Amino acid sequence: MRNPFAFVGLTAFLLASACSDKIPAGPTIYCSLDEQFSRPVIEQFGKELGLRIQARYDTEAAKTVGLVSAILEEQKHPRASVFWNNELAHTVRLAQEGLLVPYRSPSAETVPAQFRDPQDRWTGFAARARVLVINTNVLPDSKDWPSSYRDLADPKWKGRCAVARPLTGTTLTHFTALKGALGDSGFEAFFAAMLQNDVKFLQSNGATLRETAAGNVAWAFTDTDDYHVGKLRGQPIACVFPDQKDGEIGTMLIPNSVGIVRGGPDQEGAKKLVDRILAMSTEAMLAAAEGAQIPLREGIDGPADPGILPIGSFRAMAWDVEWTAQNLAAANQDFAKRFGL
Amino acid sequence: MAARARDWIARAPFCAAILFVVCFVVAPMLLLLWQTIDSQDGLTLVAWRELFADPQDRARVWASAQLGLASLCVSIGLGFTHAWVTVGRDLPLGRVLGPLGIAPLVVPPIFVAMGFADLFPVAGFWPCAILLGTAHAPFVCVLVARGLRSLDGRGYEAALMLRGRGRAELWLVRAILPELIAGCMLAFLFTVADHGVPEFLTVKGKTWHTYSEGVFSRWTRRAVGTTFADRQSPIVAAAPLVMALLTMLWLALKLRGRADERGVRAELPLRPLGGWRWPSLLFPALYLGAGVLVPVFVLARWALGSAQKAEPMSLAFLRQSFQKAVDQGVPDLMHSIWLALGTAACVLLIGLPLARRAGRGGRLVEALCAVPIASPAILLGIGLVLTYNSGPLAELFGYGFYDGWGFALAGYVARFLPFCVLTLAAQVRRVPLAAEEAARMLPRSALARALTIHLPPLLPAAWSASALVFVLSLRELDLAVVLPAANSTAVRRLANAVHFQHEDWSGVIALLLLSIAVLLPLLPSLIAGRKLASLS
Amino acid sequence: MNYAVEAEGLQCDKGSFRLGPCSFAVGPRARVAIVGPSGSGKSTLLRCLAGLDRANKGVIRVHGQVVRDDHGAMSPDRRGLGFVFQDGALWPHMTASQHLRFAAPGLSQEQSCAMLSRGGIGHVADRRPAEMSGGEAQRLGLMRALAAEPRVLLLDEPLRSVDVHQRDALVLLVRELADERGIATILVTHDRDEALALADEILVMHGGRIVEHGPATTLLQSPGTAFAAAFLGGAACLPVDASRDGFVATAFGETNARGEAKMLRLVLMPGDLIAVPPSGDGPRARAIASVPHEDGYRIRAALLGQIVLAQAATCIRPGEEVELRLRRPLRVLPWTTANAQ
């Protein structure tokens with residue numbers, strides 16, 4: 512720094528180079544799947560398709576809501592071409608707001624109809640299930656294990672079970688759908704019973720898993736991907752697909768979803784990218800990865816972990832996607848208020 | 012005409028810097044304010060009417076105030092004692108431990124939280140206060156040390172002659188009160204504005220929330236809000252916080268400014284610790300242990316595989332972690348380094364003309380530049396996003412600007428400009444005006460004067476400011492979450508990775524980040540053989 | 158006549174202080190001292206000439222060229238003026254020869270050394286200001302100002318931080334160098350001896366205005382104001398009372414004088430008074446000190462709250478009463494000019 516000319520020159524160069532960004536040539540993807548997994552996948556897709564893909568990943572602190580907010584904020588000048596959401600409800604909400612364009616991907620033909628938008632604005636693939644994760648040291652006998660979402664309100668588990676706060680991500684979708692399924696009064700009663708039962712409402716699904724693995728609670732509600740990561744780390748945990756008995760509502764399945772953002776850059780590239788994301792090989796990759804996502808299509812090998820059941824082998828909860836999406840914002844406000852945020 | 016043109020050329024750097032402040036500090040803040048009253052149905056105060064209507068809002072304000080005060084006690088306990096026993100004392104290793112007072116500033120508060128959370132349950136109020144107090148103790152420590160170094164030692168000796176050692180020490184405390192209070196205010200200010208650590212502790216089971224958490228949480232839901240008031244609530248809710256912080260900052264700067272006016276006449280004499288000589292080592296041990304060693308220890312454990320229950324910690328695992336870190340985090344780390352280097356360089360380029368004006372009586376410039384410290388980073392980030400996402404400035408800069416590194420860089424520079432301007436303005440005040448006037452009398456160009464006369468006396472302070480900004484940029488989380496291009500920085504990636512239980516490689520990346528934060532600013536000092544104390 | 162510096166109606170506001178309006182002219186090779194007590198505006202006047210302080214009104218010409226008028230002001234570096242500051246105002250990071258080479262970029266190392274030698278500081282060529290004495294620093298300040306070959310040299314209390322023993326040498330140096338270059342010098346000082354040593358022409362200031370301007374000898378011998386007499390000649394100025402039209406009463410009798418009595422002073426120059434043991438009607442004073450002087454003693458005595466000097470034939474002990482007699486006719490002058498220029 513002895514020579515001030517060098518200093519000024521360096522600074523000017525840095526400033527100029529930093530400000531010389533141009534609008535990217537290829538499509539831009541907003542992706543809420545865990546970056547550790549999704550980044551190499553997207554980079555690989557870019558190479559395969561010969562596209563220069565710009566990617567913006569989920570921030571755990573804001574979760575999917577952060578990217579959804581960004582798409583909503585940016586709607587006058589969309590920056591995203593493709594939205595890859597690791598859950599469904601917010602994608603549907605964007606579709607309802609008219610921010611996604613219809614596109615029937617050839618790769619989506621084999622996706623079961625219940626996981627596709629009738630207007631082709633979004634397509635679901637590779638799902639996670641909302642499961643109960645059990646600490647096997649605390650509850651070694653499987654006969655003692657909980658089996659239903661209702662166990663959150665069972666006095667037997669008072670202060671010994673946990674669930675993430677339903678403010679973002681899959682838990683928000685789950686609780687909003689549950690509200691739809693139980694009706695306002697039924698849900699209110701259930702929520703009050705949970706509070707009465709000293710259920711630990713934690714910040715995230717990851718946190719519920721950690722608390723369970725540490726033995727601070729006996730069990731918790733979480734997603735299959737969190738369970739699988741814990742299992743791989745050798746944590747003393749097991750997984751239960753809840754509500755499988757006759758008359759019970761079944762296990763909630765939340766697929767990833769992808770859609771093309773209206774007016775985003777490189778719409779043609781975006782279509783190619785969506786085709787590639789919806790390819791069966793992607794589902795296979797997601798099933799084999801640490802997140803152990805459950806393929807929605809037949810003919811794809813599911814996760815190796817026997818605890819994670821393949822589709823069709825368990826009772827899936829029937830939830831109204833459109834209703835859930837419509838009521839997501841209001842439910843979010845409501846839950847936030849309940850948790851003092 | 013020629014004279015007027017020359018005048019303009021001479022003023023160009025200042026005008027450009029002011030333009031930057033207007034575009035990246037004033038405009039975003041004004042836009043935020045404007046949006047709170049400009050609804051689709053015309054002007055309304057509905058969002059403001061709901062301010063504090065909710066008892067939970069009041070509870071959060073109260074929680075923030077309590078947390079701020081409690082963590083301040085911790086900051087004083089750690090920071091003050093460290094400076095007190097290392098400056099002008101006969102503490103063993105005092106010459107090394109003293110300059111290390113600034114070291115905990117390098118460690119992002121989130122790392123401190125992650126470190127403690129790995130070893131202790133940290134969900135309660137006091138653990139939270141201890142974490143934040145530890146993370147912000149360097150503000151107290153550095154300013155108290157500065158106060159002790161800048162005092163006229165003869166005053167202490169006079170007190171010693173008149174009233175004895177005990178009273179003289181009390182005199183000393185009173186004499187450095189401006190610095191102590193300024194340090195306390197900065198520590199308090201950063202604690203109440205921090206949302207990252209409280210949010211992280213919520214993951215660990217904390218059930219109460221601070222005011223900043225509320226602002227951030229509302230922001231994440233802002234775009235999906237159902238009413239105008241919902242959508243504007245994060246900004247409205249933050250306004251009282253900004254006002255409170257601005258007031259405190261103003262007081263802190265005033266106090267620090269008063270301390271700046273004190274000229275050095277004689278160094279403080281060595282004050283023997285007597286029987287406390289060895290036991291006093293406990294204070295630096297606590298300060299540096301909590302602020303640096305615990306986080307580093309935990310990160311090292313993570314890298315060795317402590318989070319993996321399936322297998323014991325091993326060097327083989329460390330190799331694996333390192334490999335994963337190279338695959339996963341090195342691009343983010345490089346982004347962080349470039350962004351921090353760019354910020355440190357640009358902040359000087361923009362800060363120098365502003366600091367020169369601020370240092371020569373431009374109090375308004377100084378106040379304007381200080382605004383970003385008073386505003387929580389998340390709020391500045393929101394303002395920047397809204398300003399450059401769409402609207403006239405977005406059109407002016409081009410819509411590609413919003414996604415690009417230029418935008419992230421501008422945001423970081425705006426955020427950290429106060430640190431540079433305030434540091435340099437203090438140095439400008441120390442340079443006699445007559446020396447600059449002497450240069451003005453000579454037939455040399457404004458550029459020659461700037462480079463030969465004005466800049467060199469500021470270089471040591473510029474280097475310190477730049478190093479500080481580099482470190483702060485490396486550890487910045489809030490802006491990294493909000494600004495699109497800054498999303499791919501190492502700290503944001505780390506915060507995510509820990510959520511997703513990737514402690515192994517994130518431990519390695521965090522250690523690399525810390526090493527860079529320490530080594531890069533130190534490198535020129537080490538090469539030039541400059542005293543380490545100059546950085547503090 | 159072509160003047161080195163001309164000021165017409167120069168006015169400058171600095172907070173509550175107002176300089177001027179001032180008008181004066183300095184000849185091409187003149188040596189002028191601006192004198193006055195602290196706060197009289199002499200430094201401000203010099204700084205306005207230099208362009209370091211911004212004048213509100215008035216015209217400044219340097220060698221006939223307008224450097225400031227109501228349409229604009231030339232920047233200080235283009236006025237052709239050299240400025241020597243109070244304490245040198247050196248640049249702490251530069252060596253002595255670097256100082257000169259910054260002032261005159263065309264100077265070679267040898268030339269700068271030669272110039273420093275001419276200033277009597279050749280030995281400090283490679284030293285920084287911190288390694289110089291006060292006298293050396295001030296010499297360097299002078300040589301720096303001269304290196305740019307100014308048409309007029311402005312000196313702002315240049316001897317203030319210089320050791321008493323080095324002052325004479327520096328005074329001689331300034332005179333020599335100014336003569337060598339044939340340039341005018343304008344010195345600001347509050348020290349009468351310094352002014353008389355360096356200047357042939359005196360400009361007396363009081364309250365922001367010029368009260369007198371003329372050759373030093375004239376002002377010393379017959380000052381036009383009591384203030385100039387007091388400041389330059391060390392005169393005691395006693396208040397007078399109005400008695401009848403055109404006459405005022407003093408401690409030494411009545412005399413005719415123009416103007417309001419409250420604006421007039423009885424001027425008693427050193428040597429005007431003789432102290433004798435009390436015997437007649439003359440005013441009485443109490444002796445404070447007595448020192449041998451020429452053939453007798455010089456007495457300091459308190460008269461009407463002021464200290465006056467008087468000559469005595471014998472030693473008078475402090476505390477003794479003496480009678481004062483005037484050796485010259487009564488001189489009553491206005492304190493300052495009623496309409497200072």
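Read top to bottom, the protein sequences are chains Y, V and G.
The numbering of the first sequence is this note's numbering, which starts it at 512 and goes up by one.
The numbering of the second sequence is this note's numbering, which starts it at 12 and goes up by one.
The numbering of the third sequence is this note's numbering, which starts it at 158 and goes up by one.
We put the beta carbon where it would ideally sit given N, CA and C, even for glycine.
Please read all numbers here as calculations on a predicted model, not as lab measurements.
Cβ separation of Y:F636 and Y:L784, assumed to be a contact under 8 Å, to the nearest whole Å: No, Y:F636 and Y:L784 are not in contact; Cβ-Cβ is about 14 Å, not under 8 Å.
Backbone CA spacing between G:M179 and G:V489 [nearest angstrom]: One detail in the question is off: residue 179 of chain G reads as Cys in this sequence, not Met. The straight-line gap from Cα to Cα measures roughly 26 Å.
Beta carbon proximity, V:L453 to chain G, threshold 7 Å: It does: the Cβ of V:L453 has a partner Cβ on chain G nearer than 7 Å.
Near-chain G residues of the stretch 433 to 454 of chain V (beta-carbon distance less than 7 Å), N- to C-terminal order: Those would be P443, A445, A446, E448, A449, R451, M452, L453, P454, in chain order.
G:V319 beta carbon less than 7 Å from that of G:K199: At least 7 Å separates the beta-carbon of G:K199 from that of G:V319.
Proximity of Y:A640 and Y:T762 at Cβ, strictly below 7 Å: Yes, the Cβ-Cβ distance between Y:A640 and Y:T762 is below 7 Å.
G:M231, enclosing alpha helix (DSSP H) - first and last residue: Per DSSP, G:M231 belongs to no alpha helix (DSSP H) and is neither H nor E.
Residues near V:L197 in its chain [Cβ-Cβ closer than 7 Å; skip 5 each side]: Excluding the 5 residues flanking it on each side, V:L197 has same chain C-beta neighbours closer than 7 Å at F150, A263, in chain order.
Classification of V:Q51 by the beta-carbon crowding that lies within 10 angstroms, buried from 16 upward: Answer is exposed; the Cβ neighbour count stays below 16.
Residues near Y:L807 by beta carbon distance below 8 Å, same chain, minus five either side: Contacts found: V622, P623, F626, G635, F636, A637, A638, P766, E794, I822.
Short Cβ contact (7 Å threshold) for G:G439 with G:L481: It is a contact, given that the beta carbons lie within the stated cut-off.
Cross-chain neighbours of V:P364 in chain G, by beta carbon under 7 Å: Ordered by position in chain G, no residue passes the 7 Å Cβ test against V:P364, which lies about 18 Å from the chain.
Classification of Y:N843 by the beta-carbon crowding that lies within 10 angstroms, buried from 16 upward: Y:N843 should be labelled buried.
Straight-line Cα distance separating G:P427 from G:L466: The straight-line gap from Cα to Cα measures roughly 5 Å.
Residues sharing a beta bridge with Y:A646, DSSP: The question names Ala, but residue 646 of chain Y in the sequence shown is Asn. Bridge partners of Y:N646: Y:I748.
Min CB distance G:A246 to chain V below 7 Å: Chain V, which has a Cβ nearer than 7 Å to the Cβ of G:A246, makes this yes.
Residue range of the unbroken alpha helix (DSSP H) whose run includes Y:F686: Counting along the chain, the unbroken alpha helix (DSSP H) around Y:F686 starts and ends at 680 to 707.
Cβ shell of V:L284 (< 8 Å), same chain only, five flanking positions each side left out: Scanning its chain for C-beta atoms nearer than 8 Å, with the 5 sequence neighbours on each side dropped, one finds around V:L284 the residues V96, R100, D101, L102, S291, in chain order.
Other residues of its chain near V:V72: CB distance less than 7 Å, five sequence neighbours each side excluded: Spatial neighbours of V:V72 in its own chain (CB-CB distance under 7 Å, excluding positions within 5 residues in sequence) are listed in chain order as Y222.
Distance, V:F201 Cα to Y:L663 Cα: Straight-line measurement puts the Cα of V:F201 at about 39 Å from the Cα of Y:L663.
Amino acids of chain G, ordered along the chain, whose beta-carbon sits closer than 7 Å to that of V:P467: Result: H250.
Buried or exposed (CB count within 10 angstroms, at least 16 for buried), V:V396: Result: buried.
Three-pair Cβ contact test at 8 Å for the stretch 294 to 307 of chain G versus the stretch 233 to 253 of chain G: The way I'd put it, the stretch 294 to 307 of chain G does touch the stretch 233 to 253 of chain G; three or more beta-carbon pairs between them come closer than 8 Å.
Contacts that G:A305 makes with chain V (C-beta to C-beta distance below 7 Å): For G:A305, the C-beta contacts it makes with chain V under 7 Å involve L453, P454, in order along the chain.
Per DSSP, the bridge partner or partners of Y:I805: Bridge partners of Y:I805 according to DSSP: Y:A638.
Contact with chain V by Y:G577, beta-carbon distance below 7 Å: True, the Cβ-Cβ gap to chain V drops below 7 Å.
Contacts around V:G518, its chain only, beta-carbon distance under 6 Å, and the 5 residues preceding and following it disregarded: Here the set comprises L310, W313, A314.
Any chain V beta carbon closer than 7 Å to Y:Q804: Not closer than 7 Å to any Cβ of chain V, the Cβ of Y:Q804 fails to qualify, so no.
Interface flag, G:A287 vs chain V, CB-CB below 7 Å: By this cut-off, G:A287 is not an interface position.
Reduced DSSP secondary structure (H/G/I, E/B, other) of V:P174: Note on residue identity: the sequence assigns Arg, not Pro, to residue 174 of chain V. V:R174 carries a helical assignment under DSSP once its states are collapsed to helix, strand and coil.
Proximal chain V residues relative to G:A207, where beta-carbon distance stays under 7 Å: Neighbours of G:A207 on chain V, chain order: M452.
Inter-residue CB distance, V:R367 and V:H465 (contact presumed, cutoff 8 Å): Contact holds; Cβ gap of about 7 Å.
Local Cβ density within 10 Å of V:T218, reported as buried at 16 or more and exposed below that: It counts as exposed.
Check whether V:L266 and V:P209 have beta carbons under 7 Å apart: Cβ atoms of V:L266 and V:P209: not closer than 7 Å.
Any chain V beta carbon closer than 7 Å to Y:E585: So yes, Y:E585 belongs to the interface.
Cβ neighbours of G:E165 in the same chain (closer than 7 Å, five flanking residues each side left out): These residues qualify, in order along the chain: S180, G215, V216.
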